[in-house]
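> Here you go, one structure.
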DNA sequence: AACAAACATGTAACCGGTTACACATCATAT
DNA sequence: ATATGATGTGTAACCGGTTACATGTTTGTT
């Protein structure tokens, strides 16, 4: 493998000149440029990222820490991140944290050792301590789906609270008279906000009861379990807003097994807008997040931070959109 | 950030000794070890992967090149890869090739510059040229889902041919009398083998006709289009083996729209065993690949190659298993 | 003509590790 | 008593780049 010295020798110049040419900084004579270029071509020289990184302390690498890539919400996000990163010449390291703090910390250490330029946090357990760790080590980072206040940092997120309210109103509009909610783990800001959005509206009605709110774990099976409990408590509910699509799909399946018809007996509205929602039968109505856009925005923000084009922390909130589909398409309108 | 020199100074030894201690090679006196260890603790020293990589030409990083992480087949694979990689201290770089040769080449270049230790190829377009590029640059690699003969390299794959035959036989056993096949892009070895498995058995029957084999593109929508064509040609078919689950799901959806009942009128069997198959209604019968195991095996193989524990190229073939579910559960048995 | 500014290039230190080699000490075998 | 091998440590070269600084040459200005 040719090195910069080989190129310099062949072109009859010093390594400094070659370096200047490659990085396009400093003066290089036109003729010299030509000679260097030819030498590079002839030797098929490619600059060594390792050596460069050691000297510059930049690696053009970012890390994406997420709970689990096999959770259907994340692949699209990951794809967006990688797409944007690549256009800027960055490489993406994939990290699955399983929402475990110690794994996250482990990653942060490894990433620090490797001079990673920045980290994208789509993992939810991020606490003040990790944030401190990142700030202390001066690693730029952007987080997804966090409540903005908590710690000072850049955030990209969706309007969960508003989305929940859109879901609730939609269920009402299709004729639901008693609407329940299955919410996700309360450590997750997203789940909490969606719950709050629901509760605020639901409380206004006399049919409301706290037992209409049941916790699930954001998995398919969890959705089934939660809906079973819910139906046993309140056999008369006719609409459920479910905190994420995975649970909603699980709930739909379970309802079918229980002989309860969706949407006529119970209408269902999920949240997230993952692709699976179109495979279900009936298709699942959901509050869709612009997942790809979120990933793009977060990556752009991170790269801006890395390249020093942005000082202040920013928060970006994306609108969500109702995808009204079969699971709330009731024949019996009010 | 503390460097090895700082540690050496504090411990009152040379950097060589510290390095020996850290890497556990060469002799270090027990007492000295203690002093060095204390210095490391006190300074919170972490060794710089960049400098180390420059000196050793190893980075403890592997790349996973796949067509598209948002294709539901790949997240589980990626997860397996990352899990195994992490236990060996390796980091994973994610690359989406969209099955485009130039993107793959681009990645190989970037990865070479970065001294990546090895590459896992789950992308299908890999041709002799790229393989040559890798071999020339002496980058260890393992490929997934390739026909073994093609070029000399390590391969991890499933028994596609056999799987197709299991699917065919299963459809027969549940009473299908005229079984069609929707196959995937023939550039993909997997798709080709599945087609061959089907064709070999189907040809034996007098109902067979080449027009029972229709090409699809391995996407959900493609499955719908293909099944529509198929049913217009052969309204009397009562079973379809479909080359991957995504197309099978699309086909099921389309059949439902066409008013054709699955499984009673047409039974469907897919291939891959992605999780989505359980969300569909009826659940999709499929030939499941041990995706996670495949990822694990491939990663282990790659790391062995990297660490020089394996010279010869190996091929690993995994058995597939029939998951018999609703989409082939016919009330009208023969 | 004198001088500043722009242009062009080279030297060498530095980034933070690894490791070959030299050297010293000590225990053991002969 | 001496040779031998194991143990323990330091020096300095090296990995392959970047870049501050020095130096020399043009060009333009007044």
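Protein chains in written order, with my numbering: chain W, 1 to 334; chain Z, 1 to 334. Where a beta carbon is used, it is the ideal one built from N, C-alpha and C, also for glycine.
1. Between the Cα of residue 184/Z and the Cα atoms of 242/Z, 58/Z, 237/Z and 122/Z, which residue gives the shortest distance?
2. Under the DSSP definition of a beta bridge, which residues are partnered with residue 307/Z?
3. Using the Cα positions of residue 124/W and residue 187/Z, report the straight-line distance between them to the nearest angstrom.
4. Buried or exposed for residue 235/W, please, with buried defined as at least 16 other CB atoms from any protein chain shown within 10 angstroms of its CB.
5. Does the count of Cβ pairs from the stretch 285–297 of chain W and the stretch 154–171 of chain W closer than 8 Å reach three?
6. Reducing DSSP to helix, strand and coil, say where residue 143/W ends up.
7. Quick one: which residues of the stretch 294–313 of chain W get their C-beta closer than 8 Å to a C-beta of chain Z? List them in chain order.
8. Among all the DSSP beta bridges, which residues are the ones paired with residue 215/W?
9. Using the Cα positions of residue 115/W and residue 10/Z, report the straight-line distance between them to the nearest angstrom.
10. Quick one: what does DSSP say residue 299/Z is sitting in, helix, strand or coil?
11. Taking residue 93/W as the query, report the chain Z residues whose CB atoms sit under 7 Å from its CB, ordered along the chain.
12. So, is the C-beta of residue 155/Z closer than 8 Å to a C-beta in chain W?
13. From residue 53/Z to residue 139/Z, what does the alpha carbon distance come to, in whole angstroms?
14. Please go through the same chain and pick out, in chain order, the residues whose beta-carbon is closer than 8 Å to the beta-carbon of residue 219/Z, but skip the five residues on each side of it.
15. So which residues of chain Z does residue 25/W contact, with C-beta pairs closer than 7 Å?
16. Quick one: residues in its chain with C-beta nearer than 6 Å to the C-beta of residue 36/W, no 5 flanking neighbours on either side, listed in chain order?
17. Just checking: is the beta-carbon of residue 281/Z within a distance shorter than 8 Å of some beta-carbon in chain W?
18. Mind pulling the beta strand (DSSP E) runs of 3 or more residues that sit fully within the stretch 223–282 of chain W?
19. Using alpha carbons as the reference points, say which of 41/Z, 40/Z and 13/Z lies closest to residue 28/Z.
20. Go through its chain and collect everything with a Cβ distance to residue 201/W's Cβ below 7 Å, but skip five positions before and after it.
21. Pick out whichever of 40/Z, 301/Z and 94/Z has its Cα sitting closest to the Cα of residue 314/Z.
22. Give the secondary structure of residue 119/Z by DSSP, where H, G and I count as helix, E and B as strand, and everything else as coil.
23. Taking 8 Å as the threshold (C-beta atoms), are residue 282/Z and residue 326/Z in contact?
24. Applying a beta-carbon distance threshold of less than 8 Å, which residues of chain Z neighbour residue 194/W?
25. Could you run through the stretch 209–222 of chain Z and flag, in chain order, every residue whose CB is less than 9 Å away from some CB of chain W?
26. Quick one: what's got a C-beta closer than 7 Å to residue 61/W's C-beta in the same chain, skipping five residues either side?
27. Cutting at 8 Å between CB atoms, please list the residues of its own chain near residue 238/W, excluding the five before and the five after it.
28. Can you name, in chain order, every residue of its own chain whose Cβ lies under 6 Å from the Cβ of residue 305/W, other than the five neighbours on each side?
29. Give the interface partners of residue 120/Z over in chain W, defined as CB-CB distance under 9 Å, in chain order.
30. Where does residue 334/W sit, in a helix, a strand or coil, going by DSSP?
31. Go ahead and pull the three-state DSSP assignment for residue 317/W.
32. Using the beta-carbon of each residue, which ones in chain Z are nearer than 7 Å to residue 53/W?
33. Could you tell me which residues DSSP puts in a beta bridge with residue 378/Z?
34. Mind checking residue 145/Z: buried by the 16 CB within 10 Å criterion, or exposed?
35. Report the neighbours of residue 276/W on chain Z: residues whose CB is nearer than 9 Å to its CB, in chain order.
36. Nearest CA to the CA of residue 331/W: which residue from 303/W, 274/W and 263/W?
Looking at the coordinates:
1. Walking along the second chain from the start, residue 184/Z turns up at place 184. Distances from the CA of residue 184/Z to each of 242/Z, 58/Z, 237/Z and 122/Z were compared; the closest alpha carbon is that of 242/Z.
2. Against the second chain, residue 307/Z aligns to sequence position 307. Answer by DSSP bridge pairing: none, since residue 307/Z is not bridged.
3. Numbered from 1 along the first chain, position 124 holds the residue referred to as residue 124/W. Numbered from 1 along the second chain, position 187 holds the residue referred to as residue 187/Z. Near 40 Å, if we compare the C-alpha coordinates of residue 187/Z and residue 124/W.
4. Residue 235/W sits at position 235 when you count from the first residue of the first chain. Residue 235/W is classed as exposed because its beta carbon has fewer than 16 other beta carbons within 10 Å across all chains shown.
5. yes
6. Reading the first chain from its first residue, position 143 is the one you call residue 143/W. Taken through DSSP and simplified to helix, strand or coil, residue 143/W comes out as strand.
7. So the list is empty, because no residue satisfies the distance condition.
8. As a first step, residue 215/W must be located in the first chain, where it is residue number 215. Residue 215/W pairs with 183/W.
9. Within the first chain, the letter at position 115 stands for residue 115/W. Within the second chain, the letter at position 10 stands for residue 10/Z. For residue 115/W and residue 10/Z, the distance between alpha carbons rounds to 24 Å.
10. To locate residue 299/Z, count along the second chain from 1; it is residue 299. Helix.
11. Looking up residue 93/W in the first chain gives position 93. Under the 7 Å cutoff, chain Z gives 91, 92 and 93.
12. Working through the second chain from its first residue, we reach residue 155/Z at position 155. Residue 155/Z does not count as touching chain W.
13. As a working mapping, residue 53/Z is identified with position 53 in the second chain. As a working mapping, residue 139/Z is identified with position 139 in the second chain. CA-CA distance, residue 53/Z to residue 139/Z, rounds to 15 Å.
14. Against the second chain, residue 219/Z aligns to sequence position 219. For residue 219/Z, where only same-chain residues beyond five positions count, the Cβ hits under 8 Å are 246, 247 and 250.
15. Here the question's residue 25/W lines up with position 25 in the first chain. Within chain Z, no residue comes near residue 25/W; the closest Cβ sits about 19 Å away, beyond 7 Å.
16. Stepping through the first chain from its first residue, residue 36/W is reached at position 36. Excluding the 5 residues flanking it on each side, residue 36/W has same chain C-beta neighbours closer than 6 Å at 11, 18 and 21, in chain order.
17. Locating residue 281/Z in the second chain gives position 281, counting from the first residue. Yes, contact with chain W.
18. For the stretch 223–282 of chain W, whole beta strand (DSSP E) runs of length 3 or above, ordered along the chain, are 239–242 and 267–272.
19. Indexing the second chain from 1 puts residue 28/Z at position 28. Here the closest residue by C-alpha is 13/Z.
20. The sequence position of residue 201/W within the first chain is 201, counting from 1. The residues are 165 and 168.
21. Against the second chain, residue 314/Z aligns to sequence position 314. Comparing Cα-Cα distances from residue 314/Z to each of 40/Z, 301/Z and 94/Z, the minimum goes to 301/Z.
22. Here residue 119/Z is taken as the residue at index 119 of the second chain, counted from 1. Three-state result, residue 119/Z: strand.
23. Position 326 of the second chain, counting from 1, holds the residue named residue 326/Z. Position 282 of the second chain, counting from 1, holds the residue named residue 282/Z. Yes. Within cutoff.
24. Here residue 194/W corresponds to residue number 194 of the first chain, with the count starting at 1. Those do not exist, as residue 194/W stays about 21 Å from chain Z at its closest Cβ, beyond 8 Å.
25. For the stretch 209–222 of chain Z, residues whose beta-carbon sits nearer than 9 Å to a beta-carbon of chain W comprise 220.
26. Within the first chain, numbered from 1, the residue matching residue 61/W stands at position 61. A distance below 7 Å between beta-carbons, with the five flanking residues on each side excluded, links residue 61/W to the following residues of its chain, in chain order: 90, 91, 93, 116 and 117.
27. For the purposes of this step, residue 238/W is taken as the residue at position 238 of the first chain. For residue 238/W, where only same-chain residues beyond five positions count, the Cβ hits under 8 Å are 175, 176, 177, 178, 179, 265, 266 and 267.
28. Residue 305/W sits at position 305 when you count from the first residue of the first chain. The residues are 140.
29. Here residue 120/Z refers to the residue found at position 120 when the second chain is read from its first residue. Scanning chain W for C-beta atoms nearer than 9 Å to the C-beta of residue 120/Z yields nothing, as the closest lies near 12 Å away.
30. Translated into positions along the first chain, residue 334/W becomes position 334. For residue 334/W, the pLDDT reaches just 45, beneath the cut-off of 50, and the residue's location in the model is therefore unreliable, although a value from the coordinates is still provided. Reduced to three states, the DSSP call for residue 334/W is coil.
31. Residue mapping note: residue 317/W aligns to position 317 of the first chain, counting from 1. Residue 317/W sits in a strand when the DSSP states are folded into three classes.
32. Position 53 of the first chain, counted from the start, is the residue given in the question as residue 53/W. Those within 7 Å of residue 53/W in chain Z are 50.
33. Outside the displayed range of chain Z (1 to 334) lies residue 378/Z, so it cannot be described from this structure.
34. Counted from its first residue, the second chain places residue 145/Z at position 145. Flag for residue 145/Z reads buried.
35. In the first chain, the residue the question calls residue 276/W occupies position 276. Among the residues of chain Z, those whose CB is under 9 Å from the CB of residue 276/W are 72, 275, 276 and 279, following chain order.
36. Stepping through the first chain from its first residue, residue 331/W is reached at position 331. Taking only the C-alpha atoms, the option nearest residue 331/W is 263/W.
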